[in-house]
């Protein structure tokens, strides 16, 4: 099973990098996991719409038609950790499919990315900065793996 | 305005400490903010119930009858960041009240703490480890302050 996490953003806060590494390493025990960051177009574009369009172009370079694309957006569907693990199992049962999760930039996603998405998931109704969302989501992916394996991490 | 954040837990992951410090410092610009950690009784008690009872005793030492007590628990009420900021404003309008937020241990809260609470708030339907919940919540408190001041952090 292959999972790719795409984030849109600028420089990483150093203190979070260790957390990203920790959970990425833990995930490698369960799946082939990779992560890539697309630079935010927030300060390079003339408008919100232009920034989202430029980001969408970069996202499309990273995904293939066969991928399962799952957006992380506060307006998406909320899951408990156990429900999310079950959803992961459903995705993993689709043979040959790579899961691509995408954490959006401050403006959200352009319409073509929304239309391409197979699902939109919300981590919280609250707005978090994208780096924290990345850390929480990595922990949640790891938690899902331990739930599916019946391992004691999740209580 | 005074805010106290109580967490129940064991050793801090070092990489998160810098994040805790960063947001605690930022919060100091808006409110008198303090945080205290109560050691988890998970491995010291014979049962889940005994652990929650021991934790409840320690929590009660930290709070006074005049405090507004707000529990953070995945079963609580969910807010958007803007709704949470408005709720904070309501609390801040109560003269002389200190807000005490409490992030529970792995077992949740004993019934006397639940009964004492003025409100229970959920950051997410998903289960996060308590240290991430702390970071998440510090950022959210800071975000609420910037929303109330009309500052540009929240977009």
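Chains as they are written, first to last, in this note's numbering: chain A, -8 to 146; chain B, -8 to 146.
The beta carbon of each residue, even a glycine, is placed where N, CA and C say it ideally should be.
Owing to the predicted nature of the structure, the values given are computational and were not obtained by experimental measurement.
*asked:* Comparing C-alpha positions only, which one of 8(A), 60(A), 24(A) sits nearest to residue 100(A)?
replied: 60(A)
*asked:* For residue 57(B) and residue 133(B), I'd like the C-alpha separation in whole angstroms.
replied: 24 Å
*Tell me, please, which residues DSSP counts as bridged to residue 30(A).*
0(A)
_Please tell me whether residue 80(B) and residue -5(B) are closer than 9 Å, where the distance is taken between their beta carbons._
The answer is no: Cβ separation not under 9 Å.
*Distance CB(residue 122(A))-CB(residue 13(A)) smaller than 9 Å*: no
_Cα-Cα separation, residue 94(A) to residue 33(A)_ = 15 Å
*Using a threshold of 9 Å, state whether the C-beta atoms of residue -7(A) and residue 90(A) are closer than that.*
yes
*Output yes or no for whether 9 Å exceeds the beta carbon distance between residue 116(B) and residue 65(B).*
When the beta-carbon positions are compared, residue 116(B) and residue 65(B) come within less than 9 Å of each other.
*Range covered by the alpha helix (DSSP H) that runs through residue 50(A)*: Judged by DSSP secondary structure, residue 50(A) falls within the alpha helix (DSSP H) whose first and last residues are 39 to 53.
*Should residue 142(A) be flagged as near chain B, meaning a C-beta pair shorter than 9 Å?*
no
_Here's the rule: buried if 16 or more other CB atoms are within 10 angstroms of the residue's CB, otherwise exposed. What is residue 130(B)?_
buried
_Would residue 62(A) and residue 137(A) be called neighbours here (beta carbons separated by less than 9 Å)?_
Inclusion of residue 62(A) and residue 137(A) in the CB contact set at 9 Å is not warranted, their separation being larger than that value.
*How would you write the range of the alpha helix (DSSP H) that residue 82(B) sits in, first residue to last?*
72 to 83
_C-beta contact flag for residue 97(A) and residue 31(A) at 9 Å_ = yes
*Between 126(A), 135(A), -1(A), -3(A), which lies nearest to residue 72(A) when the distance is taken from Cα to Cα?*
Measuring from the Cα of residue 72(A), the nearest candidate turns out to be 135(A).
*Which one of 35(A), 11(A), 36(A) has the shortest CA to CA distance from residue 25(A)?*
11(A)
*For residue 1(A), collect the residues of the same chain with a Cβ closer than 7 Å to its Cβ; drop the 5 residues on either side in sequence, then sort them by chain order.*
For residue 1(A), where only same-chain residues beyond five positions count, the Cβ hits under 7 Å are 30, 31.
*For residue 131(B), go through chain A and note every residue whose CB falls closer than 7 Å to its CB, in chain order.*
117
_Can you tell me whether residue 85(B) is buried or exposed? The criterion is at least 16 other CB atoms within 10 Å of its CB, across all chains shown._
exposed
*asked:* When you compare the CB of residue 120(A) with every CB in chain B, is at least one pair closer than 9 Å?
replied: yes
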